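Quick note: the sequence shown uses UniProt numbering, first residue 1, plus one each step.
Think of the CB as a built atom: it goes at the ideal place given N, C-alpha and C, for glycine as much as any other residue.
If you're wondering where the values come from, they're calculated on a predicted model, not measured in any experiment.
Heads up: the structure comes next, in structure tokens.
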Amino acid sequence: MNSNEKLSYRNKNILAPMVRIGRLPTRLLALQYGADIIYSEEIIDHRFIQCKRTINNALDTIDFTLDHDSRPMFRTCAVEKSKVVLQLGTANAERALKAAKLVEQDVAGIDVNMGCPKEYSTKGGMGAALLTNPENIKDILTTLVKGLSIPVTCKIRVLPELKDTIKLVQMIESTGVVALAVHGRRKEERPRHTVRVDEIRAITEAVSIPVIANGGSEDCIQSYSDIEKFRSATGASSVMIARSAQLNCSVFRKEGLLPMEQVIKDYLKIAVRYDNHYINCKFCILEMMKEKQETPVGQAVRSALSLEQICAAWNMTEYLQSSRLKRGLPTGSDVINDEP
Ligand code: FNR
């Protein structure tokens with residue numbers, strides 16, 4: 001990608017980074033429904049730098065895989081190349097750059113997670129732990145900006161005092177990042193707490209880079225028309241959606257929401273095409289089914305031990321077989337799907 005084609009973060013609807021959910025099928029589904037930019041799930045730098053990059057000719061994908069693992073940590077393809085942002089979990093500038101370099105030619109941008117409040121992240125100095133370590137933020141972001149030819153962004157939560165958040169975002173802007181995603185909650189706040197729309201707005205007024213407003217699912221965003229309302233309430237340039245897209249990815253559709261059954265079938269077509277692991281498919285589909293998990297189809301998905309069985313539950317066996325035949329992949333249950 002030359003510098004004229006760099007990804008713009010202005011006026012965009014964005015799929016948020018989500019562990020387990022934000023793998024290739026969900027990202028492509030979000031694109032299909034109208035998302036402008038799609039973020040990967042968080043990938044931890046020290047694990048990622050041990051991956052090998054391989055071109056998978058059978059699937060037309062690029063896979064980043066650890067030696068001992070048959071499943072890629074990150075799988076991507078040409079369809080998403082100009083829209084996909086890889087999110088890193090990091091606490092170290094040098095390692096972050098090494099990880100980003102490995103994937104630089106395959107993605108449109110790199111994001112740094114500075115909002116994850118979970119202990120596994122914060123105890124290593126990653127995620128929301130960075131918010132109280134501005135020196136390290138500066139080091140990581142300036143190193144990435146200097147060392148990469150693709151745009152760098154970060155995703156933060158707000159601090160307890162607005163004036164401290166403002167100081168922080170102005171420092172972040174000075175590192176050369178092209179945009180900033182703000183989850184409008186504090187580190188201690190859970191998804192049920194009301195999103196801090198006014199604090200996001202104050203941030204947008206304090207910086208000149210595009211701000212990506214996040215945190216509006218449930219409170220504000222159920223369907224496409226709500227995205228615009230959230231954008232104007234926060235004054236942000238772009239909007240990033242997690243939970244509402246996890247539940248029904250067609251939230252990105254201008255024409256309105258599709259029924260859950262249709263979304264699952266659309267998801268499965270992509271999952272089959274890119275041979276996504278059945279355990280991940282199961283997780284994503286059950287999240288979409290929510291209270292319908294107790295129906296016979298839901299129970300069949302829950303007890304499935306292969307992608308074939310999930311497709312059978314959705315009357316998509318024929319689709320699976322013809323798609324696999326086309327790619328010269330085994331069509332029966334001998335396909336190895338061995339997630340531990
Ligand atoms: C998340 N979130 C998240 N954030 C992040 O920066 N990196 C990640 O990998 C994840 N993983 C993740 C998984 C799942 C299942 C959920 C629901 C959330 C947080 C997410 O990106 C977002 O900030 C919040 O969910 C708030 O946005 P919504 O849900 O109100 O749109």
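Proximity test, residue i beta-carbon vs ligand 1 heavy atom, cut-off 7 Å
i, result
"glutamine 87", "yes"
"glycine 147", "no"
"asparagine 248", "no"
"alanine 242", "yes"
"cysteine 284", "no"
"histidine 68", "no"
"glycine 115", "yes"
"asparagine 214", "yes"
"lysine 155", "yes"
"alanine 30", "no"
"histidine 183", "yes"
"valine 107", "no"
"glutamate 41", "yes"
"valine 19", "yes"
"alanine 16", "yes"
"serine 217", "yes"
"proline 330", "no"
"proline 25", "no"
"proline 191", "yes"
Chain-order list of residues whose beta-carbon lies under 6 Å from that of residue i (same chain, five-residue window excluded)
i, result
"proline 72", "Asp63, Phe64 and Thr65"
"residue 351", "Outside the displayed span of the chain (1 to 340) sits residue 351, for which this structure offers no information."
"arginine 231", "Val239"
"phenylalanine 283", "Arg20"
"phenylalanine 48", "Ala99"
"isoleucine 264", "Ile285 and Met288"
"asparagine 56", "Asp63"
Residues of its chain near residue i, where Cβ-Cβ distance is below 7 Å and the 5 sequence neighbours each way are ignored
i, result
"tyrosine 278", "Ala304, Ser306, Leu307, Ile310 and Asn337"
"glutamine 50", "Leu66"
"isoleucine 140", "Thr90, Ala93, Ala96 and Val112"
"glycine 124", "Ala91"
Between the CA atoms of residue j and residue i - distance to the nearest angstrom
i, j, result
"leucine 59", "proline 330", "13 Å"
"lysine 290", "leucine 28", "22 Å"
"residue 345", "lysine 12", "With the chain covering only 1 through 340, there is no way to say anything about residue 345."
"residue 341", "valine 85", "This structure leaves residue 341 out entirely; the chain is present only between 1 and 340."
"valine 182", "isoleucine 212", "6 Å"
"serine 323", "aspartate 275", "10 Å"
"arginine 302", "glutamine 222", "26 Å"
"tyrosine 224", "asparagine 280", "26 Å"
"leucine 148", "glutamate 255", "37 Å"
"aspartate 266", "glutamate 41", "20 Å"
"glycine 89", "alanine 78", "24 Å"
"valine 158", "glycine 215", "11 Å"
"valine 145", "proline 210", "16 Å"
"arginine 95", "histidine 46", "7 Å"
"leucine 7", "isoleucine 110", "11 Å"
"glycine 34", "proline 296", "31 Å"
"glutamine 105", "glutamate 294", "44 Å"
"aspartate 226", "valine 197", "14 Å"
"leucine 15", "threonine 153", "14 Å"
"alanine 128", "tyrosine 319", "43 Å"
"valine 112", "glutamine 321", "39 Å"
"serine 121", "glycine 328", "40 Å"
"valine 335", "arginine 192", "Caution applies to valine 335, whose pLDDT of 48 falls short of 50 and renders its modelled position unreliable; the value that the coordinates give is listed next. Distance between the alpha carbons of valine 335 and arginine 192 is about 41 Å."
"proline 17", "alanine 242", "7 Å"
"lysine 52", "serine 70", "12 Å"
"asparagine 315", "proline 25", "19 Å"
"methionine 1", "isoleucine 37", "Interpretation of methionine 1 is limited by its pLDDT of 44, a score under 50 that renders its predicted location unreliable; no figure is taken from the coordinates."
"glutamate 199", "alanine 179", "17 Å"
"glutamate 189", "proline 160", "10 Å"
"asparagine 248", "leucine 257", "8 Å"
"isoleucine 43", "isoleucine 150", "18 Å"
"glutamine 32", "tyrosine 9", "19 Å"
Sheet register partners of residue i (DSSP bridge)
i, result
"glycine 109", "Val85"
"valine 239", "Asn13 and Ala213"
"arginine 157", "His183"
"valine 152", "Ile110"
"lysine 52", "Thr65"
"glutamine 75", "As written in the sequence, residue 75 is arginine, which differs from the glutamine given in the question. Asp63, per the DSSP bridge assignment."
"residue 387", "Absent from the model: residue 387. The displayed extent of the chain is 1 to 340, so no value can be given."
"isoleucine 221", "Ser217"
"lysine 37", "This sequence places isoleucine at residue 37; lysine is not what is there. Paired residue(s): Ile14."
Residues near residue i by beta carbon distance below 8 Å, same chain, minus five either side
i, result
"leucine 325", "Thr331"
"aspartate 219", "Thr194 and Val195"
"valine 272", "Leu307, Cys311, Met316, Tyr319, Leu320, Ser323 and Arg324"
"lysine 118", "Gly127"
Residue i beta carbon near ligand 2 (any heavy atom closer than 7 Å)
i, result
"methionine 316", "With respect to ligand 2, the structure offers nothing, as its ligand set consists of ligand 1."
Three or more C-beta pairs below 8 Å linking the stretch 92 to 105 and the stretch 155 to 169: Not touching, per the Cβ criterion.
Stretch-stretch touch, CB-based, cutoff 8 Å, three pairs: the stretch 199 to 210 with the stretch 124 to 133: No, the stretch 199 to 210 does not touch the stretch 124 to 133.
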